[in-house]
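K.L.:
In the working numbering, the protein residues as written are 1 to 307.
Beta carbons are placed, not taken as given, at the ideal position from N, Cα and C, and that holds for glycine.
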Ligand code: NAP
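(1) Kindly examine the ligand NAP and report whether one of its heavy atoms sits closer than 7 Å to the Cβ of residue 120.
(2) On the CB-based measure, 16 or more other CB atoms within 10 Å of its CB, does residue 264 come out buried or exposed?
(3) Can you give the Cα-Cα distance for residue 43 and residue 49, rounded to whole angstroms?
(4) Roughly how many whole angstroms lie between the Cα atoms of residue 310 and residue 120?
(5) If contact is defined by three or more beta carbon pairs under 8 Å, each pair taking one atom from either stretch, is the segment 26 to 34 in contact with the segment 76 to 87?
(6) Kindly indicate which residue of 60, 241, 213, 172 has the alpha-carbon position closest to the one of residue 155.
(7) If contact is defined by three or more beta carbon pairs under 8 Å, each pair taking one atom from either stretch, is the segment 67 to 75 in contact with the segment 5 to 23?
(8) Alpha carbon to alpha carbon, how far is residue 260 from residue 225? Give it in angstroms, no decimals.
(9) Within the continuous beta strand (DSSP E) that includes residue 39, where are the two ends?
(10) My understanding is that residue 175 touches residue 233, with C-beta atoms under 8 Å, so please give their C-beta distance in whole angstroms.
(11) Measure the CB-CB distance between residue 21 and residue 298 and report whether it falls below 8 Å.
(12) By a C-beta neighbour count over all protein chains shown, 10 Å radius and 16 as the cutoff for buried, is residue 62 buried or exposed?
(13) Just to check, is the beta-carbon of residue 239 closer than 7 Å to a non-hydrogen atom of the ligand NAP?
(14) Thinking C-beta only, is residue 107 closer than 8 Å to residue 3?
(15) Apply the 10 Å Cβ neighbour rule to residue 243 and answer buried if 16 or more other Cβ atoms are within range, or exposed otherwise.
(16) Can you give me the Cβ contacts of residue 163 inside the same chain, cut-off strictly under 8 Å, excluding the 5 residues immediately before and after it?
(17) Using CA coordinates, which residue listed in 113, 136, 88, 102 is at the minimum distance from residue 11?
(18) State yes or no: is the C-beta of residue 285 nearer than 7 Å to some heavy atom of the ligand GDP?
(19) Is it buried or exposed, residue 115, if we count other Cβ atoms within 10 angstroms and call 16 or more buried?
(20) Is the CB-CB distance between residue 280 and residue 255 below 8 Å?
(21) Using 8 Å as the Cβ pair cut-off and three pairs as the minimum, do the segment 96 to 106 and the segment 121 to 136 touch?
(22) I need the boundaries of the alpha helix (DSSP H) containing residue 160, first residue and last residue.
(23) Let me check understanding here. Comparing Cα to Cα, which of 91, 36, 94 lies closest to residue 66?
(24) Among the candidates 237, 269, 150, 288, whose CA atom is the shortest distance from the CA of residue 250?
This is how it looks when you write it as structure tokens:
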């Protein structure tokens, strides 16, 4: 097995930026992505806060530009799942086992596997996933043309996706557990001005109900305890993310599963770096993930030079 300089796990904004910087630094590297390159941004309808685009850019377009840029520089982007990861102390390299039995080796690794949407964890959620319960408005909103939907959550994702859903749904209930949204002020303003969005504050969804498909959500008011029901055809859940770090050694993780890094994106394990949404204290923005990726690649280069 030929030992590479660098393996980058994940081809979202962090991983692709690391690949761009790694290729320009002359490293022999491979990028491993379990789905298609692009990461979470692929399911974002449009991105308004990535510098360089005066007009909002569709999420898929921004990511396909990053992918093309990395490929033009010669990055080897492979589609596979990492099933095993270990440090070979005798020979001083990381062993990365891929699905299907292939084994890769590298002197340095950048973990950029991002984060996944959290589940709400209420009765009916799992049963109706794909039958009215969704975690991606960009993917599924068109199924709810002139129908009534609910969005659960109050962060930037919930606000953006609720606004997107109004292109299709006649009415979007935005169910949030507090009386103030967490998301950006500009998005809050757009939500409150949108005649198709009905904010439902101080309320949690306690179950998702129906026969063959979603027909309603049961709710509870957090202040009064009052139970209620909202008739809906679909429920979109955006209640935060959890880091995709199950494949990494426990010792480099914080209690919540995020990777602990220093300002150079170095973990506590020499040669292992982390970048993007999976790292502790990330602001979870595309621009931050790309910066992390660049920092991690340059740190990996310095590390390799020091060996
Ligand atoms: P988030 O900011 O963590 O917000 C999660 C929301 O879900 C919060 O409003 C939270 O309520 C609510 N929530 C959590 N658990 C819940 C539960 N069990 N039941 C009901 N509600 C629950 O997550 P996010 O909106 O997905 O955003 C993740 C990160 O990506 C953030 O840093 C965000 O700024 C960033 N992001 C940025 C953009 C952008 O800049 N355009 C777009 C999307 C995401 P509380 O408010 O009460 O905690």
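P.N.:
Concretely, from the data shown:
(1) yes
(2) exposed
(3) 16 Å
(4) Within the shown structure, residues of the chain are numbered from 1 to 307, placing residue 310 beyond reach of any answer.
(5) yes
(6) 241
(7) yes
(8) 39 Å
(9) Counting along the chain, residue 39 falls outside any beta strand (DSSP E), and DSSP gives it neither H nor E.
(10) Contact doesn't hold; Cβ gap of about 15 Å is too wide.
(11) yes
(12) buried
(13) yes
(14) yes
(15) buried
(16) 187, 190, 191, 194, 197
(17) 113
(18) Of the ligands one can find in the structure shown, namely the ligand NAP, none is the ligand GDP.
(19) buried
(20) no
(21) no
(22) 156 to 165
(23) 36
(24) 269
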